[in-house]
Structures are given as C-alpha cells and as structure tokens.
Amino acid sequence: MAEYQYGIPRLSMEGLPESRSDDRIQQIEREPTNSFRYTPLDNENSIRLLTIQPAESNSDPLVCTISPAEFRERPAYEALSYTWGSNLGSHAITLNGSPFFMDQNLFEALRYLRSQRQKKALSADAICIYQNDIPERNW
345 MAEYQYGIPR LSMEGLPESR SDDRIQQIER EPTNSFRYTP LDNENSIRLL
395 TIQPAESNSD PLVCTISPAE FRERPAYEAL SYTWGSNLGS HAITLNGSPF
445 FMDQNLFEAL RYLRSQRQKK ALSADAICIY QNDIPERNW
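If you count by the working numbering, then the sequence shown holds residues 345 to 483, one letter each, in order.
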C-alpha cells in the first residue's frame, strides 16, 4: 500500500539495487513531515484558532494548541498576516503534541508574538486552515 503525503505517493527506496561507489547518485534528504492531523470543521461558520503557550525565554520551543471555534461565540483572537514562504519548511512547533513544520516567516512571527505570561489566540492561515482541503480553503 502506497504511503501518501499531500495527495502525492511517497517514493520508497525498498527494492532498489544497492548503490555502488562508482554510481553518481545523489542522496536526497527527506523533507520534514507533519504528523499533526486535522479534524474537520463542523460548518462554514467555524474556524480553528491557534493558541501559543507562554514561555520564559524566546529560545524555548514553540508549543501550541489548535481548536475549533464558532463565529457565533465571538471568540477573542488576533489575525496574523504574513508573507508565505514554502508550504513546508524546516522550522517546527509542537501542535497538539505533534510536530508541525512551517516556513521561517511564520515561525519567527509566532516566536515574536509569544508572551512570557499568558496564552495568545491567533488565526494563521497556514496552520488554522487545512491546506489540503480545497473546500475548506475556499470558505
């Protein structure tokens, strides 16, 4: 059974002949993968909010949670606008206990916005919207 990421089958090296020293084959580094799994939103009046946990130092790992919210509940949050880079970067946060990779722009913004004392609720498209779900992206 093929393993998929972002709707694309992953390549497997299994079954390929062993490389010889005279082969000019470049090894390809595996891109980081997100093990976080999105749960569907209830309806078009729902969003996901990212909550950044406080940390004493700017160098502490970014630990966040994501949870659904309904507009009718008028949740308090800040919307983050930033320049998108690549879809999957090399900077990781912990999201609901799982690694979540992102580009440097978003990572640096989250680190800058993190408080030392209190949680902060945000909406950041690259995290809060499941980018592989076209209907959700178009809500």
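The C-beta atom is built at its ideal place from N, Cα and C for all residues, glycine as well. These figures come from a predicted structure and were not determined experimentally.
*Have a look at Leu385 and Asn378 and give me their C-alpha separation to the nearest angstrom.*
As a working mapping, residue 385 is identified with position 41 in the sequence shown. As a working mapping, residue 378 is identified with position 34 in the sequence shown. So the two alpha carbons sit approximately 19 Å from each other.
*Thinking C-alpha only, which one of Lys464, Met446, Trp483 and Arg381 is nearest Gln397?*
Taking the sequence shown and counting its residues from 1, the one referred to as residue 397 is at position 53. Per the Cα distances, Lys464.
*According to the Cβ coordinates, are Leu393 and Ala413 closer than 7 Å?*
Taking the sequence shown and counting its residues from 1, the one referred to as residue 393 is at position 49. Taking the sequence shown and counting its residues from 1, the one referred to as residue 413 is at position 69. Result yes, Cβ atoms of Leu393 and Ala413 sit closer than 7 Å.
*asked:* When you compare the CB positions of Gln467 and Tyr421, do they come within less than 7 Å of one another, or not?
replied: The residue given as residue 467 occupies position 123 in the sequence shown. The residue given as residue 421 occupies position 77 in the sequence shown. Rather than Gln, the amino acid found at residue 467 in this sequence is Ser. Yes, these two residues count as a Cβ contact at 7 Å.
*Can you grab the Cα-Cα spacing for the pair Ala470 / Ala399, in whole Å?*
If you number the sequence shown from 1, residue 470 lands on position 126. If you number the sequence shown from 1, residue 399 lands on position 55. Those two C-alpha atoms are separated by around 22 Å.
_Sequence-distant residues of the same chain with beta carbon closer than 8 Å to Ser411, five excluded per side_ = Within the sequence shown, the letter at position 67 stands for residue 411. If the five residues before and after Ser411 are omitted, its C-beta is found closer than 8 Å to the C-beta atoms of Arg392, Leu393 and Thr395, all from its own chain and listed in chain order.
*Could you work out which residue in Asn440, Ser442, Ser425 and Phe445 is closest to Ala453 when comparing CA atoms only?*
The residue you call residue 453 lines up with position 109 of the sequence shown. That would be Ser425, whose Cα lies nearest to the Cα of Ala453.
*What do you reckon, are the CB atoms on Thr438 and Val407 nearer than 7 Å?*
For the purposes of this step, residue 438 is taken as residue 94 along the sequence shown, with counting starting at 1. For the purposes of this step, residue 407 is taken as residue 63 along the sequence shown, with counting starting at 1. Closer than 7 Å, so yes.
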